[in-house]
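In what follows, a structure is listed as structure tokens, so that the remarks can point back to it.
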Amino acid sequence: MLNKVYKINESKAISETIDGETIIINLETGYYYSVNQTATIIWNEIQKNSSVKNISQHFSNHYEVDSETAIKCITETIGVFLKDNLILELDLNVSPDFKEQRSSISKKKFIIPRVERYDDMAGALMSDPVHDVNEDGWPNLKQ
Numbered sequence: 224m225l226n227k228v229y230k231i232n233e234s235k236a237i238s239e240t241i242d243g244e245t246i247i248i249n250l251e252t253g254y255y256y257s258v259n260q261t262a263t264i265i266w267n268e269i270q271k272n273s274s275v276k277n278i279s280q281h282f283s284n285h286y287e288v289d290s291e292t293a294i295k296c297i298t299e300t301i302g303v304f305l306k307d308n309l310i311l312e313l314d315l316n317v318s319p320d321f322k323e324q325r326s327s328i329s330k331k332k333f334i335i336p337r338v339e340r341y342d343d344m345a346g347a348l349m350s351d352p353v354h355d356v357n358e359d360g361w362p363n364l365k366q
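Residue numbers are given in the working numbering: position 84 of the sequence shown equals residue 307, and the series is strictly consecutive.
In structure tokens form, the structure reads like this:
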């Protein structure tokens, strides 16, 4: 589990980070997600194809959290992303290659990752014509 690697399901999820908080939209369901700063780090590390172990080491090096708690929080957050098809598990396991050194800088307070799902805009998001886009782009005018 610790060496598993995930990637963003780009055909179903888009995201934008503003001031450390990420908004993710599930293009399949119209649900959107508010992701706090800690969960944003997990999301960003998934974008870099980091393993669970590497993400855990990042938290242990920079935040006041033990590796067991970090791993539990990371796997729970990844579970939410997987359940809603926002990420995909890659068919490979990687060896931990985390090279970051522990810093003498004081560690930040660890905040439990939070992923909040909202469905109140699903109808509006799904009725947007941008969902009718294919490989040719949009708008695709008839010739």
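Quick reminder that beta carbons are idealized off the backbone N, C-alpha and C, glycines included.
By the three-class DSSP mapping on this structure, what secondary structure does N284 have? In the sequence shown, counting from the first residue as 1, residue 284 sits at position 61. In the structure shown, N284 sits in a helix (DSSP, three-state: H, G or I).
On the three-state DSSP scale, how would you describe T367? Residue 367 is absent from the structure shown; the chain starts at 224 and stops at 366.
Pull up the distance between the alpha-carbon of I248 and that of I269, whole angstroms please. On the sequence shown, residue 248 is found 25 positions in, with the first residue counted as 1. On the sequence shown, residue 269 is found 46 positions in, with the first residue counted as 1. If I take the Cα positions, the gap works out to 16 angstroms.
Give me whichever residues DSSP pairs with R340 in a beta bridge. Numbered from 1 along the sequence shown, position 117 holds the residue referred to as residue 340. DSSP lists Y256 as partners of R340.
What is the rounded straight-line gap between the Cα of V258 and the Cα of I334? Within the sequence shown, residue 258 is the residue found at index 35, counting from 1. Within the sequence shown, residue 334 is the residue found at index 111, counting from 1. Distance between the alpha carbons of V258 and I334 is about 12 angstroms.
Please look up how many angstroms separate the CB atoms of S238 and T245, rounded, as I've assumed it's under 8 angstroms. Within the sequence shown, the letter at position 15 stands for residue 238. Within the sequence shown, the letter at position 22 stands for residue 245. That belief holds up - the Cβ atoms of S238 and T245 are roughly 5 angstroms apart, short of 8 angstroms.
Would E312 and V228 qualify as a contact pair, given that the criterion is a beta-carbon distance under 9 angstroms? Taking the sequence shown and counting its residues from 1, one reaches residue 312 at position 89. Taking the sequence shown and counting its residues from 1, one reaches residue 228 at position 5. Yes.
Note down the Cα distance separating T252 from A345, rounded to an integer number of angstroms. For the purposes of this step, residue 252 is taken as the residue at position 29 of the sequence shown. For the purposes of this step, residue 345 is taken as the residue at position 122 of the sequence shown. Taking the Cα positions, T252 is about 7 angstroms away from A345.
In or out: I310 buried (at least 16 other Cβ within 10 Å) or exposed? As a working note, residue 310 is residue 87 in the sequence shown. It counts as buried.
Thinking C-alpha only, which one of N226, V275, E339 is nearest A293? Taking the sequence shown and counting its residues from 1, one reaches residue 293 at position 70. Nearest C-alpha to A293: V275.
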